[in-house]
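**Student:** For the sequence shown, position 211 (counting from the first letter as 1) is numbered 211 according to my numbering, and the numbering increases by one without interruption.
Backbone N, C-alpha and C define an ideal beta-carbon position, used for all residues, glycine too.
I'd like to ask some things about the structure below.
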Amino acid sequence: MRPIILLTLSLLLSFSSLRAQEKTAGSLWEGLDKLEVQGYERSQVNLPEEFRLLKLDVEQLQALLRTAPERSTVQLGQSTVLLDIPLPDGSYQQFRIRQAPVMHPELAKKFPNINSYEGQSTDNPFFRIYFAFSPIGFYGMVLTEQSGPVFITPVVREDTEHYLSYYEKDFDLTQEPINCSVQSAGRPAPGLEYRGMAGDCQLRTFRLAIAADAEFTAASATFTDPTGVNNALATINNMVTVINGVYQSELAIQLQLVPNNNLLIFTNAATDGYTDGNQNTMAGENQGIVDGIIGSGNYDVSHALGVNAGTGSAGVSLGIGTVCNNGSKARGATVVGNVALSPGIITLIMHELGHQFGADHTFNESTQPICSNAGQLNPATAFEPGSGSTIMSYAGTCGSSNVQGPRDRYFHAISLQQIGNYVTVGGGSCPVPTPTTNNQPTVNAGGDFIIPVSTPFMLTATGNDADGDALTYCWEQMDNAIITHPPQSTATVGPVFRTQLPSASPIRFFPNLPTVISGTSPTWEVLPSVGRKMNFRVTVR
Numbered sequence: 001m002r003p004i005i006l007l008t009l010s011l012l013l014s015f016s017s018l019r020a021q022e023k024t025a026g027s028l029w030e031g032l033d034k035l036e037v038q039g040y041e042r043s044q045v046n047l048p049e050e051f052r053l054l055k056l057d058v059e060q061l062q063a064l065l066r067t068a069p070e071r072s073t074v075q076l077g078q079s080t081v082l083l084d085i086p087l088p089d090g091s092y093q094q095f096r097i098r099q100a101p102v103m104h105p106e107l108a109k110k111f112p113n114i115n116s117y118e119g120q121s122t123d124n125p126f127f128r129i130y131f132a133f134s135p136i137g138f139y140g141m142v143l144t145e146q147s148g149p150v151f152i153t154p155v156v157r158e159d160t161e162h163y164l165s166y167y168e169k170d171f172d173l174t175q176e177p178i179n180c181s182v183q184s185a186g187r188p189a190p191g192l193e194y195r196g197m198a199g200d201c202q203l204r205t206f207r208l209a210i211a212a213d214a215e216f217t218a219a220s221a222t223f224t225d226p227t228g229v230n231n232a233l234a235t236i237n238n239m240v241t242v243i244n245g246v247y248q249s250e251l252a253i254q255l256q257l258v259p260n261n262n263l264l265i266f267t268n269a270a271t272d273g274y275t276d277g278n279q280n281t282m283a284g285e286n287q288g289i290v291d292g293i294i295g296s297g298n299y300d301v302s303h304a305l306g307v308n309a310g311t312g313s314a315g316v317s318l319g320i321g322t323v324c325n326n327g328s329k330a331r332g333a334t335v336v337g338n339v340a341l342s343p344g345i346i347t348l349i350m351h352e353l354g355h356q357f358g359a360d361h362t363f364n365e366s367t368q369p370i371c372s373n374a375g376q377l378n379p380a381t382a383f384e385p386g387s388g389s390t391i392m393s394y395a396g397t398c399g400s401s402n403v404q405g406p407r408d409r410y411f412h413a414i415s416l417q418q419i420g421n422y423v424t425v426g427g428g429s430c431p432v433p434t435p436t437t438n439n440q441p442t443v444n445a446g447g448d449f450i451i452p453v454s455t456p457f458m459l460t461a462t463g464n465d466a467d468g469d470a471l472t473y474c475w476e477q478m479d480n481a482i483i484t485h486p487p488q489s490t491a492t493v494g495p496v497f498r499t500q501l502p503s504a505s506p507i508r509f510f511p512n513l514p515t516v517i518s519g520t521s522p523t524w525e526v527l528p529s530v531g532r533k534m535n536f537r538v539t540v541r
């Protein structure tokens with residue numbers, strides 16, 4: 001886990017030398033000609049613009065995974081079980097892996113073929129993998145330092161041998177449009193008190209109940225699982241595995257599916273109690289259903305899944321900061337156009353859970369659909385220009401104000417602050433935190449300074465970690481006045497610089513150095529041509 005401090009953060013990993021015999025994956029993957037994917041019906045699969053087609057030796061992978069150590073028995077950097085993962089560029093990255101279950105042990109006993117794992121690269125500590133393996137196949141996410149997430153997913157359902165490896169940025173969001181809405185009376189923005197740290201460097205495990213209505217379960221059915229129950233739970237496990245990979249590293253939050261979560265996988269549309277296809281109605285219905293089956297005292301947060309009768313997917317949280325609150329902690333739902341839960345859909349659910357954990361929207365755009373939908377813009381947290389690009393942004397859904405397509409897999413500093421406050425001193429502090437042995441690093445963001453207008457500049461942080469852990473830095477502008485987008489050089493308030501992926505370098509150039517050298521003017525990094533004040537915060541992970 002990598003708990004976040006708004007100015008400093010450390011990794012909970014050891015890089016000690018290995019003396020034990022190392023087990024390697026060998027040649028698990030076989031590269032195939034991309035033309036072979038044409039054998040699939042186009043209606044069955046949405047292809048990224050660029051991808052790598054592979055065949056997996058399933059039996060050999062199963063044999064390797066049986067040797068993976070339990071999480072509690074070994075630090076990730078000391079695992080001797082090695083797995084080669086194919087990247088989209090044709091290379092392989094080797095990871096040390098261990099078990100990382102997201103199901104409560106009692107639930108795991110009922111479904112022993114559904115498992116989750118995590119890994120760290122043997123030669124780049126910033127590369128992490130989080131993956132699940134089950135009867136529906138391999139589903140994995142690799143978090144890289146600067147290239148964005150890589151996904152390895154089945155080409156089509158019912159085929160556990162053939163996979164796509166691709167960067168999420170190469171996936172066309174128009175194939176699976178997504179939409180979020182949040183409802184909160186009066187819309188107060190919780191957790192805005194700046195405390196210097198987004199958390200307290202302790203791990204918090206929240207009991208998660210995920211419901212699937214009968215339509216979702218039926219759509220998950222295959223020849224080998226005609227009821228769809230096992231497949232639906234395996235898909236939910238895939239989803240939570242990926243979400244945990246981000247929530248653990250960003251927030252020191254771990255989600256664990258409750259012991260009886262299988263009772264929330266419904267098979268009868270006439271009796272499940274959900275209005276399928278309507279996320280707002282389902283979110284309200286979910287509260288009573290989960291309370292009645294699981295028990296209000298037996299879970300901390302819940303989210304329901306249904307099927308969207310049209311195209312695309314849509315999610316909602318009926319409130320900001322509902323986790324741990326009886327009567328509202330289950331008021332979230334997402335209806336999907338693809339029950340296999342593509343990476344974009346999982347990010348949408350990650351976003352909705354972010355609302356439930358106390359984070360509001362971060363985009364600054366107020367005129368473009370869907371950003372202009374009533375009640376979605378929150379001025380108090382509108383620190384990202386245009387659509388924004390982080391988890392709590394509206395990246396890819398704001399028309400001409402889209403900063404980029406898919407959301408990046410990290411939280412903006414204001415989101416870290418909101419969630420950190422909510423789970424430590426706010427209404428979401430119900431779990432007993434688990435202390436860690438990790439030492440807090442130190443960081444200095446430097447002093448204030450004045451520069452001429454229209455002048456490129458750089459900001460430098462100085463960080464140090466007593467444990468010797470690798471650190472990344474993320475400089476972000478912290479001005480939230482609502483402005484016209486794309487931002488103009490004459491803007492005297494508001495955000496004119498987008499956030500960028502965290503980097504191992506403590507230095508950020510404004511604008512990006514390549515554009516400075518080339519003399520180009522990036523749309524979402526605009527140098528002021530008039531006098532103004534700008535505020536920046538550095539987050540160290």
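What does DSSP give as the partner residues of K55 in its beta bridges?
**Tutor:** Answer is E30, H162, bridged to K55.
**Student:** Helix, strand or coil, according to DSSP, for S328 in the structure here?
**Tutor:** Correct three-state label for S328: coil.
**Student:** My assumption, with CB atoms under 8 Å, is that N378 sits in contact with H361. Please give the rounded CB distance.
**Tutor:** Correct: roughly 5 Å between the Cβ atoms.
**Student:** From which residue to which residue does the alpha helix (DSSP H) around E215 run?
**Tutor:** It spans 214-219 - the alpha helix (DSSP H) in which E215 sits, taken as one unbroken run.
**Student:** Measuring CA to CA, which of A340, F357, P528, Y299 is closest to P317?
**Tutor:** Residue identity check: residue 317 is Ser in the sequence provided, not Pro. Nearest C-alpha to S317: F357.
**Student:** Just to confirm the assignment, what range does the alpha helix (DSSP H) spanning S415 have?
**Tutor:** Residues 413-424.
**Student:** I want to see whether chain D comes within less than 8 Å of S116, judged by CB atoms only; does it?
**Tutor:** Of the chains in the structure shown, none is chain D; there is only one protein chain.
**Student:** Counting along the chain, where does the alpha helix (DSSP H) carrying L459 start and finish?
**Tutor:** Premise fails: L459 lies in the beta strand (DSSP E), 457-460, not in any alpha helix (DSSP H).
**Student:** Skipping 5 residues on each side, what residues in its chain have a beta carbon closer than 7 Å to that of S165?
**Tutor:** These residues qualify, in order along the chain: F51, R52, L54, P86, L87, P88, V150, I152.
**Student:** Over what stretch of residues does the beta strand (DSSP E) that includes E118 continue unbroken?
**Tutor:** Taken as a continuous stretch (DSSP letters only), the beta strand (DSSP E) holding E118 covers 115-121.
**Student:** For A211 and P369, what's the separation of their Cα atoms in angstroms?
**Tutor:** Approximately 30 Å between the Cα atoms of the pair.
**Student:** Which residue comes first and which comes last in the alpha helix (DSSP H) that contains P343?
**Tutor:** It spans 343-356 - the alpha helix (DSSP H) in which P343 sits, taken as one unbroken run.
**Student:** Nearest-angstrom Cα distance between L255 and E476?
**Tutor:** Cα to Cα, L255 sits roughly 28 Å from E476.
**Student:** Can you tell me where the beta strand (DSSP E) with M141 in it begins and where it stops?
**Tutor:** Taken as a continuous stretch (DSSP letters only), the beta strand (DSSP E) holding M141 covers 137-143.
**Student:** Hey, A68 and Y139: beta-carbon distance below 8 Å or not?
**Tutor:** Not in contact: A68 and Y139 (Cβ atoms no closer than 8 Å).
**Student:** Using beta-carbon positions only, say whether G354 and S302 come within less than 8 Å of one another.
**Tutor:** Result no, Cβ atoms of G354 and S302 do not sit closer than 8 Å.
**Student:** With distances taken from CA atoms, which of P385, A359, I349 is nearest S366?
**Tutor:** S366 has its Cα closest to that of P385, out of P385, A359, I349.
**Student:** With H, G and I counted as helix, E and B as strand and the rest as coil, what does DSSP make of I320?
**Tutor:** Coil, per DSSP.
**Student:** Out of A382, S328, R331, state which residue places its alpha-carbon closest to the alpha-carbon of I482.
**Tutor:** The candidate whose alpha carbon is nearest that of I482 is A382.
**Student:** Looking at C-beta atoms only, is the number of pairs between the stretch 479-493 and the stretch 525-541 that lie closer than 8 Å three or more?
**Tutor:** Segments in contact, yes.
**Student:** Return the CA-CA distance between L251 and V335, expressed in angstroms with no decimal places.
**Tutor:** C-alpha separation (whole angstroms): 26 Å.
**Student:** If I follow the unbroken alpha helix (DSSP H) through T515, where does it start and stop?
**Tutor:** Element bounds for T515: 513-518.
**Student:** Between N113 and L263, what straight-line distance do the alpha-carbon atoms span, to the nearest angstrom?
**Tutor:** One C-alpha to the other measures close to 18 Å.
**Student:** Let's see if you can read the secondary structure: which residues bound the alpha helix (DSSP H) around G284?
**Tutor:** 279-293 is the span of the alpha helix (DSSP H), which, as asked, contains G284.
**Student:** Just list the beta strand (DSSP E) runs in the stretch 427-505, keeping only unbroken ones of 3 residues or longer that don't cross its boundaries, in chain order.
**Tutor:** Within the stretch 427-505, the complete beta strand (DSSP E) runs of at least 3 residues are 442-444, 457-460, 462-464, 473-477.
**Student:** Comparing alpha-carbon positions, which option in A108, G90, V102, Q75 lies nearest R96?
**Tutor:** The candidate whose alpha carbon is nearest that of R96 is Q75.
**Student:** Report all residues from its chain with a CB closer than 8 Å to the CB of K23; omit the five preceding and five following residues, and keep chain order.
**Tutor:** Model confidence at K23 stands at a pLDDT of 47, short of 50, so the residue's coordinates are unreliable; what they give is reported in the following sentence. L64, T67, T80, V81, L82.
**Student:** Taking the alpha helix (DSSP H) that V307 falls in, what are its first and last residues?
**Tutor:** Per DSSP, V307 belongs to no alpha helix (DSSP H); it is in the beta strand (DSSP E), 301-307.
**Student:** Please tell me whether, using a cut-off of 7 Å, the distance from the CB of I483 to the nearest non-hydrogen atom of the ligand MG is below it.
**Tutor:** You won't find the ligand MG in this model; it holds no ligand whatsoever.
**Student:** I need the straight-line Cα distance from L32 to Y163, nearest angstrom please.
**Tutor:** Between L32 and Y163, the C-alpha separation is close to 10 Å.
**Student:** Buried or exposed, going by whether 16 or more other CB atoms sit within 10 Å of the CB of T109?
**Tutor:** Thr is not the amino acid found at residue 109; the sequence shown has Lys there. By the 10 Å Cβ count, K109 comes out exposed.
**Student:** Counting along the chain, where does the beta strand (DSSP E) carrying Q565 start and finish?
**Tutor:** Past the boundaries of the shown model lies residue 565; the chain is included only from 1 to 541, so the question cannot be answered.
**Student:** Look up D276 in the DSSP assignment and say whether it is helix, strand or coil.
**Tutor:** Here D276 sits in coil by DSSP.
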